[in-house]
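Okay, structure first, notes after.
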Amino acid sequence: MAGRRSPVITAMGRRLVAEGCGRYDRGPGPDWTEADRRSYAAWQRKLGYTGADADGIPGGTSWAKLRVPRVHGNGAG
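Numbers given in this note's numbering equal positions in the sequence shown, counted from 1, plus 362.
So, in structure tokens, the structure goes:
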């Protein structure tokens, strides 16, 4: 996911912070970073995932449970 840029990444990060899983020094922002991966891995662990299942890469079930709001735009502005 490195190199991805989208407003949905910011929305995801805000939800992770709200769930107590934010691992950001600054942000979240629209660019996928290692902090996003660490934050998402913390969310996966909160849900009970372990090992390779808590790798910080969003999967369908964990994403649905995070309830990231829909966003519009391409993040370029």
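For each residue, glycine too, the CB sits at the ideal point set by N, CA and C. Since the structure is predicted, the reported quantities are computational estimates derived from the model, not experimental observations.
Paired residues, beta bridge with R367 - DSSP = Per DSSP, the beta-bridge partners of R367 are D393.
M363 burial status per 10 Å Cβ neighbour count (16 or more: buried) | Taking all protein chains in view, the Cβ of M363 is surrounded by fewer than 16 other Cβ atoms within 10 Å, so the residue is classified as exposed.
Excluding the 5 residues preceding and the 5 following P431 in the sequence, name in chain order all residues of the same chain whose CB lies nearer than 6 angstroms to its CB.
-> Once the five neighbours on either side are set aside, the close Cβ partners of P431 are A373.
By Cβ distance below 6 angstroms, which residues in the same chain neighbour G384 in space, the five residues on each side in sequence not counted?
-> Contacts found: L378, S401.
Pull up the CB-CB distance for G418 and R388, whole angstroms please, since I reckon it's below 8 angstroms.
-> About 18 angstroms; that fails the 8 angstroms criterion.
Kindly list the residues whose CB is nearer than 6 angstroms to the CB of V370, restricted to its own chain and excluding five residues on each side of it in sequence; keep chain order.
-> Answer for V370: V433, listed in chain order.
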